[in-house]
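Chemist: For reference, each letter of the sequence shown is one residue, going -24 to -1, 1 to 453 in mature numbering (1 follows the signal peptide of the UniProt record, and there is no 0). Yeah, the Cβ is synthetic: ideal placement off N, Cα and C, and Gly gets one too. Please see the structure below; I have some questions.
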Amino acid sequence: MRTKTPFLLFSCSLLLLFTSYSSGENSTDAKPNVLFIAVDDLNDWVGYLGGHPQAETPHIDALAASGTAFVNSYCPAPVCGPSRTALMYGLAPHRSGSYGHHASYNPRKLIAEDQLPLNLVFQQNGYHTAGCGKIFHYREERGWDHYRGHIGGMVSQNRKRFGGLSCGILDTNDDSDTQDGQLTDWAIEQLNRGHEKPFFIALGLKKPHLPWEAPKKYFERFESEDVQLPHVPDNDLEDLPVIGKLFANALVGFRSPADHETVTKIPGAWKELVRAYLATCTFADANVGRILDALENSPHRDNTIVVLWGDHGWHLGEKKHWRKMSLWERGTRTPFIIKVPGGEPARIEAPVSLQDIFPTLVDLCQLELEQQVDGNSLVPLLQTPSMAWDKPVLMSHGPGNFAVRHGPWRLIRYADGGEELYHLGKDPGEYENLAIHPGREATRATLRAHIPESWRYVMGPRFKKFSEAFSPPVTGE
């Protein structure tokens, strides 16, 4: 769905909430501040989402318990660059043409100059904007009053490699010795400075992105021999169409790193990698806790909207796939929480998209915006969590490959017409592809109607080679 501001008006309660701070000592708070937290490669292995029974993420869980937790939230694309481009510029990948990480997918080459990124929209509406770490995948200097990109930090001296996957323990227990710890320190400094204007502060944490490294205290919480592995049936790929099998065994559909084969052949490797991912997620959670504690102890706590999101999911063997770059649940489901000051805690089961963040913040902060953006303002759900929300969520991976999440269903349709259908209420692990059952055509047709008939055709070298692997080749607009 494409929306154009002005979005839905505030309810009277929200208006009263945000204007009640415009008098008195902290007069800069006439409009709400925004603390914007992005976590790289964080799947649903967080406590409140239940993705893994041993996940330890107490700070993210506390934020979910005190805010609005969207428990079925999905990325626009299961790759860092396209997902962040879609969120930050308000354009879905199939419209922007930004599908991957090759230079041909740089949004500054594909997206019009007047399609402004979210931080620049805040800046043009009178906000002080400060950001650090990984917010965009590609360099974007517009719209920041202060920005800190690369910060050094300790690296592991005992890094282990299992094919293209690597992990290691950092010989420290001080978070500030690490890159993410220093990014969090910088964001806290920005939060604590004097503010003459409302602020938009963005913290982009880089873990749990590979390599999975964290201070030793986080690894000590998990023992490799006790780690629970994902359930992966031996025949899990048998009912998939040909492109589904290609995606399971590759990063972008043509280059096969044989991750699962490598990991399962090395004794103890799978458990060691799962342990490292769990530890790195807990490390990311600790930095989230530090910035949230700083906000809680600041004069801005009662007038700051907190948004936390991960850019996509991550596989650790499910579907015999590793990393991101899949249209299955594990590759696309990610945390998304909004905490509005004075709002009641809520848990929203309806599927939503990270694409909805842009219009929601424009609505909440009453920003002026002329450009069109994809997504739906979630303000109605924030106001009335029990309301019916019947909007499909669209995901894409490369030209012509789409997934639709609607109600309990997930339909995956590949560029050659191959399909997968799952009832996630009955089959959350996506073990049975119902698309091969003749009685499901009506459901498939209903979901298929939400998939674009055309898409912007930008074919980087990886997807180009992939498209030539089957006939007829993928085409688009």
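Below 8 Å between beta carbons: does that hold for Pro93 and Ile281?
Modeler: In this structure, Ile281 does not lie closer than 8 Å to Pro93 by Cβ.
Chemist: Within a Cβ cutoff of 6 Å, which residues of the same chain sit near His28, ignoring the five residues on either side of it in sequence?
Modeler: Trp21, listed in sequence order.
Chemist: Quick one: what does DSSP say Ala40 is sitting in, helix, strand or coil?
Modeler: DSSP places Ala40 in helix when its eight states are reduced to three.
Chemist: If you draw a straight line from the C-alpha of Glu272 to the C-alpha of Thr258, how long is it?
Modeler: When rounded, the distance between both Cα atoms is 20 Å.
Chemist: Compute the Euclidean distance between the alpha carbons of Leu205 and Pro34, then round it to the nearest angstrom.
Modeler: Cα to Cα, the separation comes out at about 21 Å.
Chemist: Is it a yes or a no for the region 214 to 228 touching the region 116 to 128, going by three-plus beta-carbon pairs under 8 Å?
Modeler: Contact between the region 214 to 228 and the region 116 to 128 is absent, because fewer than three Cβ pairs lie under 8 Å.
Chemist: Can you have a look at Lys236 and say buried or exposed, based on whether 16 or more other CB atoms are within 10 angstroms of its CB?
Modeler: Looking at the sequence provided, one finds His at residue 236 rather than Lys. His236 comes out buried.
Chemist: How far does the beta strand (DSSP E) with Val369 in it reach, from first residue to last?
Modeler: Start and end: Val369 to Ser372.
Chemist: Straight-line CA distance for Gly140 to Ser362?
Modeler: Using only the alpha carbons, I get a separation of about 44 Å.
Chemist: When the Cα of Leu268 is compared with those of Asp17, Leu186, Ser42 and Asn19, which residue comes out closest?
Modeler: Comparing Cα positions, the closest option is Ser42.
Chemist: In this structure, does DSSP put Ala234 in helix, strand or coil?
Modeler: Ala234 falls in the coil class under three-state DSSP.
Chemist: On the CB-based measure, 16 or more other CB atoms within 10 Å of its CB, does Glu117 come out buried or exposed?
Modeler: Glu117 is exposed by the Cβ-count criterion.
Chemist: How would you write the range of the alpha helix (DSSP H) that His70 sits in, first residue to last?
Modeler: Unbroken alpha helix (DSSP H) run through His70: Pro69 to Ser72.
Chemist: Ignore the nearest five residues each way along the sequence and tell me which others in Arg416's own chain have a CB closer than 8 Å to its CB.
Modeler: Cβ within range, chain order: Leu397 and Leu410.
Chemist: Decide if Tyr(-4) is buried, meaning its Cβ has at least 16 other Cβ atoms within 10 Å, or exposed.
Modeler: Reliability of the predicted coordinates at Tyr(-4) is poor, the pLDDT of 34 falling under 50, and the value obtained from them is presented with this limitation in mind. Buried.
Chemist: Nearest to Asp121 by CA position, among Met130, Gly157, Cys108 and Tyr114, is which residue?
Modeler: Considering only alpha carbons, the answer is Cys108.
Chemist: Under the assumption that Tyr75 contacts Pro54 (Cβ atoms under 8 Å), give the Cβ distance between them as a whole number of angstroms.
Modeler: 11 Å between Cβ atoms; not a contact.
Chemist: Tell whether a beta-carbon distance below 8 Å holds between Ser329 and Val264.
Modeler: The answer is no: Cβ separation not under 8 Å.
Chemist: Tell me the DSSP secondary structure of Glu32 in three-state form.
Modeler: Correct three-state label for Glu32: coil.
Chemist: At the level of alpha carbons, what is the spacing between Ile164 and Arg135?
Modeler: Looking at the two C-alpha atoms, the distance is approximately 30 Å.
Chemist: Using 8 Å as the threshold, is the C-beta distance between Ile314 and Thr44 below it?
Modeler: In this structure, Thr44 lies closer than 8 Å to Ile314 by Cβ.
Chemist: Drop a sphere of 10 angstroms on the beta-carbon of His413, count the other beta-carbons inside from all chains shown, and report buried for 16 or more, exposed for fewer.
Modeler: By the 10 Å Cβ count, His413 comes out exposed.
Chemist: Would DSSP call Asp350 helix, strand or coil?
Modeler: Asp350 falls in the strand class under three-state DSSP.
Chemist: So the candidates are His399, Pro311 and Gly394; which of them puts its Cα closest to the Cα of Arg386?
Modeler: Answer by Cα proximity: His399.
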